[in-house]
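S.K.:
Spelled out as structure tokens, the structure:
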């Protein structure tokens with residue numbers, strides 16, 4: 004899997020060289036792609052939408068696997084990273100360090116995200132949709148949940164995620180044909196209905 008990961012990393016790093024550099028560059032804002040990101044201003048709002056959609060679609064019999072991010076809820080912290088909850092098994096993976104690593108200010112724990120990613124990879128066989136909390140800082144550098152994104156793409160499995168404007172250029176380089184959905188439950192439902200009908 005590492006070689007696949009490296010191949011995709013090289014692919015999107017090369018592709019990003021040709022982008023215009025605009026963080027607001029948009030791609031397919033429709034239901035035509037089986038890969039979609041939610042346009043979010045707030046990570047909390049985005050995770051809330053994912054949670055509602057996942058609960059609804061699973062109750063209808065869809066085979067979903069993936070992760071929802073939950074914040075740590077601690078006051079006075081600039082880093083909101085908390086945990087990734089596997090909504091199939093209920094297991095929560097901490098992605099927050101009490102103290103940042105030497106020379107860094109970010110409290111995010113890449114190893115925790117890696118463990119969560121490995122768990123999802125083991126569940127992806129024959130699923131209908133992979134829901135991944137976000138394509139963020141770790142994924143933009145080829146770490147975190149990146150291997151799960153790659154595995155879903157390689158198997159043609161639909162993906163739903165969130166991407167903030169800060170990491171939009173890296174996302175567009177990795178997945179230039181992805182749909183861009185407004186942060187509304189109706190938009191997610193329309194996209195999912197279109198995906199299921201194919």
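Numbering (our numbering), first residue to last: 4 to 201. All C-beta atoms, glycine included, are put in the ideal place defined by N, C-alpha and C. Quick caveat, the model's predicted, so the values are computed rather than measured.
1) Give the range of the alpha helix (DSSP H) segment to which residue 73 is assigned.
2) In terms of residue numbering, what span does the beta strand (DSSP E) encompassing residue 165 cover?
3) How would you label residue 112, buried or exposed, when you count the other beta carbons within 10 angstroms and need 16 or more for buried?
4) Out of curiosity, what's the CA-to-CA distance linking residue 200 and residue 100?
5) The alpha helix (DSSP H) spanning residue 123 covers which residue range?
6) Could you name the residues of the same chain whose beta carbon sits closer than 8 Å to that of residue 184, not counting the 5 residues immediately before and after it, in chain order?
7) Could you tell me the distance, in whole angstroms, from the CA atom of residue 63 to the CA atom of residue 172?
8) Would you report the Cα separation of residue 66 and residue 138, rounded to the nearest angstrom?
9) My understanding is that residue 96 touches residue 118, with C-beta atoms under 8 Å, so please give their C-beta distance in whole angstroms.
10) What is the DSSP secondary structure of residue 30, reduced to helix, strand or coil?
11) Between which two residues does the beta strand (DSSP E) containing residue 134 stretch?
12) Tell me, to the nearest whole angstrom, how far the beta carbon of residue 120 is from that of residue 148; I am working on the premise that it is less than 8 Å.
13) In the structure shown, what three-state DSSP assignment does residue 59 receive?
14) Can you tell me where the beta strand (DSSP E) with residue 89 in it begins and where it stops?
15) I'd like to check one pair, residue 151 with residue 166: are the Cβ atoms closer than 8 Å?
16) Contact defined as beta carbons within less than 8 Å: I believe residue 57 pairs with residue 90. What is the distance between those atoms, to the nearest angstrom?
M.R.: With the given structure in hand:
1) For residue 73, there is no enclosing alpha helix (DSSP H); the enclosing beta strand (DSSP E) covers residues 67 to 73.
2) 162 to 166
3) buried
4) 43 Å
5) Its alpha helix (DSSP H) spans residues 113 to 124.
6) 32, 39, 40, 41, 42, 190, 191, 194
7) 35 Å
8) 22 Å
9) 5 Å
10) Legend: pLDDT at residue 30 = 48, less than 50; position of this residue unreliable, value from coordinates given subsequently. Look at residue 30 here: in three-state DSSP terms it is coil, with no helix or strand label.
11) Residues 132 to 135.
12) 5 Å
13) In the three-state reduction of the DSSP assignment, residue 59 falls in the helix class, which pools H, G and I.
14) 86 to 89
15) If you check the CB distance, residue 166 and residue 151 do not come in under 8 Å.
16) 6 Å
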